[in-house]
Amino acid sequence: DTEVTQTPKHLVMGMTNKKSLKCEQHMGHRAMYWYKQKAKKPPELMFVYSYEKLSINESVPSRFSPECPNSSLLNLHLHALQPEDSALYLCASSQKGWGQGGQPQHFGDGTRLSIL
Amino acid sequence: QKEVEQNSGPLSVPEGAIASLNCTYSDRGSQSFFWYRQYSGKSPELIMSIYSNGDKEDGRFTAQLNKASQYVSLLIRDSQPSDSATYLCAVILDSGGGADGLTFGKGTHLIIQP
């Protein structure tokens, strides 16, 4: 069991659908992250939130829209995705905040997304 | 350009032996180093973190860091079949403010032979 909870575990959607991925942590972490992982590849950073503010966007297409409603929740809104967006989407959290060292990031189990 | 290099393997080690996994990184400003274990179909699991030169031991795992050589390694003693997984080396460039994402190596596929 992980302390970062992601829902849903699996999602199949068409290219015209709108869906959202959700991530929740109750460890008091103030930094949260979205990563994308394709098969047999390492995770790739998408977004970073620090103290509920977006601090890093790794040039992610606008069809992915992140949201951090509060310090425990992180959403990833999906719209008009392409088949190549099929991947495992991982959420992570850490104690990292402003002026602190790079603390370990703890991952959720991920959402396996398939785009038809 | 931040790069983290690992031998993708597979690395095959007999049960009970020491498995040695290596990683090099390109950015001298990197401050934080991590090893994650990832089983097939699962998410990465933190194994070790190391921040200063030298060795850090935790149970059967030892992480080693040499910033001058830009090299970090993971030793697994008394390897067990359950250690068979992909091991990801990850690095953070500490910019001194804000959170930074992990830059991962491609991972080393470790196979422990019973």
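So the sequences go chain by chain: A and B.
Going by the working numbering, the residue at position 34 of the first sequence is 34; the numbering climbs one at a time, nothing skipped.
Every number in the working numbering is 1000 more than the matching position in the second sequence, counting from 1.
Don't be surprised by glycine CBs; every beta carbon is placed ideally from N, CA and C.
Interface partners of residue i on chain B, CB under 7 Å
i	result
Q105(A)	L1102
Y33(A)	G1101
Residue i versus residue j - alpha carbon distance
i	j	result
S50(A)	P1114(B)	45 Å
V60(A)	M46(A)	6 Å
A31(A)	K22(A)	15 Å
L1046(B)	Q103(A)	11 Å
I1032(B)	K1067(B)	Per the sequence shown, the amino acid found at residue 1032(B) is Ser instead of Ile. Using only the alpha carbons, I get a separation of about 11 Å.
Near the ligand SAM: residue i beta-carbon under 7 Å from a heavy atom
i	result
V48(A)	This structure lacks the ligand SAM; in fact it carries no ligand of any kind.
Proximal residues of chain A, C-beta to C-beta of residue i below 8 Å
i	result
A1085(B)	What A1085(B) touches in chain A: nothing, since even the nearest Cβ is about 13 Å away.
Residue i: contacting residues in chain A (beta-carbon distance under 7 Å)
i	result
L1088(B)	P42
E1046(B)	It should be noted that the sequence gives Leu, not Glu, for residue 1046(B). Correct list: P104, H106.
Buried or exposed by the 16-neighbour rule on C-beta atoms within 10 Å, applied to residue i
i	result
S1043(B)	buried
L54(A)	exposed
L116(A)	exposed
Within chain B, partners of residue i - CB distance below 9 Å
i	result
S71(A)	Within chain B, no residue comes near S71(A); the closest Cβ sits about 13 Å away, beyond 9 Å.
Backbone secondary structure at residue i - three-state DSSP
i	result
E1003(B)	coil
E84(A)	helix
P66(A)	strand
D1055(B)	strand
S1082(B)	helix
I1050(B)	strand
Residue-level contact to chain D via CB, residue i, 8 Å cutoff
i	result
K1056(B)	Given the protein chain composition of this structure (A and B), no chain D is represented.
Of the listed residues the options, nearest to residue i (C-alpha basis)
i	options	result
G1029(B)	I1112(B), E1015(B), V1004(B), S1073(B)	V1004(B)
F64(A)	N70(A), S86(A), E3(A), S71(A)	S86(A)
A80(A)	L11(A), T16(A), Q95(A), Q6(A)	T16(A)
Interface residues of chain A facing residue i [CB-CB closer than 9 Å]
i	result
F1061(B)	Those do not exist, as F1061(B) stays about 14 Å from chain A at its closest Cβ, beyond 9 Å.
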